[in-house]
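The numbering of the sequence shown is the UniProt record's numbering, which starts it at 1 and goes up by one. Where a beta carbon is used, it is the ideal one built from N, C-alpha and C, also for glycine. The next block holds one structure in the form of structure tokens; read it before the comments.
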Amino acid sequence: MLSNLNQQVFVTSMVKTKNRRKKKRVTGQDTYQQAIKKLKKHIHPKLKLSESFLKVFDKTLLHVTDIILKELNRLSWIRRHKTLTVQQIECATKICLSGFLSQQAVNYGRNAVSLATCKVTV
1 MLSNLNQQVF VTSMVKTKNR RKKKRVTGQD TYQQAIKKLK KHIHPKLKLS
51 ESFLKVFDKT LLHVTDIILK ELNRLSWIRR HKTLTVQQIE CATKICLSGF
101 LSQQAVNYGR NAVSLATCKV TV
């Protein structure tokens, strides 16, 4: 009688585990789609973006980030320092991006760094 009861409990526990959701696996790919959506929602709440636009814009941002990271790697190798400074990041941005776009990127980065340091000190 007791062994029959144990078998029934075991079977019901197996059924319960089969019905549970599996955890989502992280693929390891970097994407900016969530950040793009949050920024868009903050700046233009009524604007709608298609999935194809998000994919293309995400690939563009990944490409630009990759170019800047390669330049930063080269600059750190030349100076033989493992630590990056803000000036090195600005220099890599100016090298990779041209003209007005680099000025805007550097100004935006300076504002982000100043806001981050203000929040840390407060």
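If you follow the alpha helix (DSSP H) that Arg74 is in, where does it begin and where does it stop? 51-79
Can you check whether the CB of Ile78 is closer than 7 Å to the CB of Cys96? In this structure, Ile78 does not lie closer than 7 Å to Cys96 by Cβ.
In terms of residues, what are the limits of the alpha helix (DSSP H) holding Leu39? Run containing Leu39: 33-43, per the alpha helix (DSSP H) assignment.
Let me make sure I understand the geometry here. Which of Ala105, Leu115, Ala112, Val113 has the alpha-carbon closest to that of Leu61? Of Ala105, Leu115, Ala112, Val113, the smallest CA-CA separation from Leu61 is found for Ala105.
Checking 7 Å against the spacing of the C-beta atoms, do Gln34 and Asp58 come in under that value? no
Residue interval of the alpha helix (DSSP H) (run including Thr85): First-last for Thr85: undefined, no H or E at that position.
Measuring CA to CA, which of Ile89, Val64, Asp66 is closest to Leu75? Ile89
Taking all protein chains shown into account, decide if Thr65 is buried (16 or more other Cβ within 10 angstroms of its Cβ) or exposed. exposed
Separation of Leu72 from Ala92, as counted between CA atoms: 6 Å
What three-state label does DSSP hand Leu101 in the structure shown? In the three-state reduction of the DSSP assignment, Leu101 falls in the helix class.
Which value, in whole angstroms, describes the spacing of the CA atoms of Thr36 and Gly99? Note that residue 36 is Ile in the sequence shown here, rather than Thr. Going by the C-alpha atoms only, they are around 24 Å apart.
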